[in-house]
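In full-length UniProt numbering, the protein residues as written are 1 to 295.
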């Protein structure tokens, strides 16, 4: 039957009919195609505008999610182009001053002709004596870093806003007193402690964003544990420990009650000197010793 159909009159009738229908609908198809093309461009433009508005909204949301980033627009420090790692170097650091003891600590450092770093507390800068001591620290070539204004753990670690308020207050005092803007700091209790466990990552991120460098420690003389530790114990705490890397950052404290720390200081210095180590002061171009994040 197929052989009879192909080439028959009926075949050609169907062929002509199909061609006629195609020719008849070609204008309709062309109109539909041009209509689709004509509205595609406006739709693309609208979509692009929607995407742009969405991106702007997301960026605004990200900024609004951290409103403290807008606080203290002048609270920024410039990071150096690169950081250095000084091998076989000891960095002696003193927290919580200036105090009546600081002058004597400075005398010891001057006697040994070495430099150190003092992380100071703002409330200790309110007296004329404290202000003059801060100026002497810088005058004799030591480093000053920020520790805290109030040293009130629960208050400063309540939020990032509270931390920034405290930090900005002590920075202003130091600039007013010395004319020098500090670029390094030490978190009270260290960068990770029981008071800031809920926000230490956020604190570190914000301070790093602002260009400040923080330093923890890898050796402690133990004078923060109480008044009972004698100089011999403080020395033993230092000489019995070896840091995990070639840089040694020693934590000590500077307050009127730390007389045993003052007694121990010459022996600590001599211990490191007998090992052939050098002494340095911390700055923002020194690769910092920091605690590791807790998982």
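The beta-carbon is built from N, C-alpha and C at its ideal position, and this holds for glycine as well.
For residue i, which three-state DSSP category applies?
i           : result
residue 153 : helix
residue 105 : helix
residue 290 : coil
residue 212 : coil
residue 268 : helix
residue 96  : strand
residue 90  : strand
residue 279 : strand
Run the CB neighbour count on residue i, radius 10 Å, all protein chains shown included, and call it buried at 16 or more, exposed below.
i           : result
residue 111 : exposed
residue 137 : buried
residue 18  : exposed
residue 223 : buried
residue 76  : exposed
residue 13  : exposed
residue 140 : exposed
residue 182 : buried
Spatial neighbours of residue i within its chain, please: CB distance less than 8 Å, with the 5 preceding and 5 following residues excluded, ordered by chain position.
i           : result
residue 287 : 83, 84, 85 and 247
residue 259 : 101
Using only alpha-carbon positions, find the residue among the options that is nearest to residue i.
i           : options               : result
residue 275 : 19, 161, 154 and 89   : 89
residue 270 : 96, 74, 114 and 27    : 114
residue 217 : 203, 292, 139 and 132 : 292
residue 240 : 26, 192, 219 and 76   : 219
residue 70  : 261, 236 and 210      : 210
residue 65  : 171, 255, 253 and 160 : 160
residue 72  : 169, 132 and 238      : 169
residue 95  : 163, 147 and 214      : 147
Among the residues of its own chain, which have a CB less than 7 Å from the CB of residue i, if the five just before and after it don't count?
i           : result
residue 283 : 143 and 184
residue 195 : 153, 154, 157 and 189
residue 234 : 221, 222, 223, 260, 261 and 264
Return yes when at least one heavy atom of the ligand FMN lies under 7 Å from the C-beta of residue i, else no.
i           : result
residue 273 : By its list of ligands, the structure shown contains no ligand whatsoever, and the ligand FMN lies outside what it can speak to.
Go through its chain and collect everything with a Cβ distance to residue i's Cβ below 6 Å, but skip five positions before and after it.
i          : result
residue 92 : 116 and 250
Only counting runs of 4 or more residues, tell me where the alpha helix (DSSP H) segments fall wholly within the stretch 99 to 148, in order along the chain.
102 to 112 and 128 to 139
Exercise for the section: With a floor of 4 residues, list each alpha helix (DSSP H) that falls wholly inside the stretch 172 to 255, ordered by position along the chain. Expected result: 200 to 209 and 231 to 239
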